[in-house]
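Undergrad: Here you go, one structure.
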Amino acid sequence: MNCKKCKIKAVIGLPRHNAAFCKPCFNEFVHDQVTRAIKSEHMFGRQDRILVAVSGGKDSLALWDILLKLDYRADALYVDLGIPGYSATSREKVERFAEAIAKPRDATLLIHQVAEEEGAGIRELSQQINRPTCSTCGTIKRYQFNRAAVAHDYDVMATGHNLDDEAARLLGNVLHWQEEYLDKQGPSLPASVEGFAKKVKPLYRLAEREIAAYAVLNKIDYIVEECPMAKGSKMLLYKEALNRLETESPGTKQAFYWGFLDKQAKALHLPLLRPVASREATGSPEQRVPGSGQAQPASASMAEKDRAVLHPCQICQQPTTADICSYCKMMARAKTGATR
Amino acid sequence: MKVQLSHPERQVEIKGPKRVRELLRDLNLVAEAHLVIRGDDLVTEDELLKDDDSVEVRPVISGGSYQ
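Chains as they are written, first to last, in this note's numbering: chain B, 7 to 346; chain R, 79 to 145.
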């Protein structure tokens, strides 16, 4: 199998693109896909400060690597969940990457330690509140990443969600007809109210296998072992089903997720511009895209919907639809559970 | 050939020569969810693996909650 561009021996075949690439051309392909995602979804510009959510896995470290190589201003936050035998290894991978790749490019690593602020590791916390570990982990990470992005004045928060993550989540939402979640499935979510960071997913055009290949080819040392808490998760089951379909019929995942995004955009009558906003633009009739200097019509956007239902949490002031946000509720339950 | 597998970590011996595509099929593994690595290099599905090769078949899928 030869590289589609330069005809030398290929290192990876991409059936969904009917292509194969050598290492330099594959790196170019990956960087090009991320650049297309950033520009087409108006994620951020050269002057914006980006906070990358890193876990030590391939997706988040590859994302940090790509953004730095594309000359974006990207720092990162690692949330240490205190999972015995796993968190120490993942943290070490992140710290090594930060020292070797990020530091020479003036990028910084922030660390949040769950056991310090939340009083226990993720396993104990989920036992105290009697909730699945993955859902406890999700609530804590969403809360802490958003809080850090807002507190440290980042323009945008970036996560390593890839095409497989998005397609699997969409499949889960459709299978259970969770229509209320579909609105939030876009790759660029606005900073719709004060206290919410803008959130973007620059890897949504790349399959999980492509990102793993990028990590291997560029010698990014990531944690290969699956998180011990994720065993038997529904996300893994959906991904497995989609990958069986993808192997038999290349292009299935992108047709499913990108097709959904197209339909969503058409439904909003914004064929090319999904709603985006910056924190400064909150409440204004037009919304500025960070770094682009571009103004967009607000229309009946997600930002407006958010503004109608969100207000500050009575305890921590972060935006929530209830009186008290899910994180503060969870922490209150954990305290009660721990003293029982 | 020596084949390193994960989840759980183990090593198996498979008779070569064999193409990567056939190796994955024999191991009942989905190509879209795995990379095959020989030394520092990735190998494509049409690559012929020799009996004295050592390869790692690395799963690429990670899961858990959707954060």
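By construction, the Cβ of each residue, glycine as well, lies at the ideal position given by its N, Cα and C atoms.
Note that the structure is a prediction, hence the values are computed from the model and not measured.
1. Checking the sheet assignment: what are the DSSP bridge partners for B/Ala43?
2. Any C-beta of chain R sitting closer than 8 Å to the C-beta of B/Lys190?
3. Excluding the 5 residues preceding and the 5 following B/Pro234 in the sequence, name in chain order all residues of the same chain whose CB lies nearer than 8 Å to its CB.
4. Rounded to the nearest angstrom, what separates R/Glu123 and B/Ser239 at their Cα positions?
5. Would you verify that the beta carbon of R/Ile139 is, or is not, closer than 8 Å to some beta carbon of chain B?
6. Across which residues does DSSP place B/Leu115 in a beta bridge pair?
7. Give the secondary structure of R/Arg116 by DSSP, where H, G and I count as helix, E and B as strand, and everything else as coil.
8. How big is the Cα-Cα spacing for B/Met7 and B/Phe27?
9. Is the Cβ-Cβ distance between R/Lys80 and R/Leu127 less than 8 Å?
10. According to DSSP, is R/Val133 helix, strand or coil?
11. Are the C-beta atoms of R/Ser84 and some chain B residue less than 8 Å apart?
12. Would you grab the beta carbon distance between B/Tyr244 and B/Lys64 for me? Rounded to a whole angstrom, and I think it's under 8 Å.
13. Taking C-beta pairs closer than 7 Å, name the residues in chain R that B/Arg250 reaches, listed in chain order.
14. Indicate whether the contact test is met: 3 or more Cβ pairs, each with one atom in the segment 68-77 of chain B and one in the segment 94-112 of chain B, closer than 8 Å.
15. Helix, strand or coil for B/Pro325, going by three-state DSSP, please let me know.
16. Short check: CB of B/Leu353 to CB of B/Phe32, under 8 Å?
17. Quick check: is the beta carbon of R/Ile115 nearer than 8 Å to any beta carbon in chain B?
18. Cα separation between B/Ala80 and B/Val100?
19. Excluding sequence positions up to five away, which residues of its chain have a Cβ less than 6 Å from the Cβ of B/Cys322?
20. Can you pull the chain B neighbours of R/Asp119, defined as C-beta to C-beta under 8 Å?
21. Per DSSP, which one or two residues make a beta bridge with B/Ser194?
22. Where does B/Ile14 land, buried or exposed, given buried means 16+ other C-beta within 10 angstroms?
23. Strictly below 8 Å CB to CB, what residues from chain B border R/Arg88?
24. Hey, would you say B/Pro193 sits closer than 8 Å to B/Ala59, going by beta carbons?
25. Look up B/Phe27 in the DSSP assignment and give the residues it is bridged to.
26. With the cut-off set at 8 Å, would you say B/Val222 and B/Met49 are in Cβ contact?
TA: The relevant details are as follows:
1. Bridge partners of B/Ala43: none, in fact.
2. Not closer than 8 Å to any Cβ of chain R, the Cβ of B/Lys190 fails to qualify, so no.
3. Correct list, in chain order: Ile89, Gly91, Tyr92.
4. A direct Cα-Cα distance of roughly 29 Å separates R/Glu123 from B/Ser239.
5. yes
6. B/Ala82
7. strand
8. When the Cα atoms are used, B/Met7 and B/Phe27 turn out to be separated by approximately 9 Å.
9. no
10. strand
11. yes
12. With 8 Å as the limit, B/Tyr244 and B/Lys64 do not qualify as a contact, their Cβ atoms being about 19 Å apart.
13. Val108
14. yes
15. strand
16. Residue coverage of chain B in this structure runs from 7 to 346, which leaves residue 353 of chain B outside it and unanswerable.
17. yes
18. 14 Å
19. Cys334
20. By Cβ distance, chain B contributes Val17.
21. Answer by DSSP bridge pairing, in chain order: B/Val206.
22. exposed
23. Residues of chain B passing the Cβ test: none, with the nearest at roughly 14 Å.
24. no
25. Its beta-bridge partners are B/Ile18.
26. no
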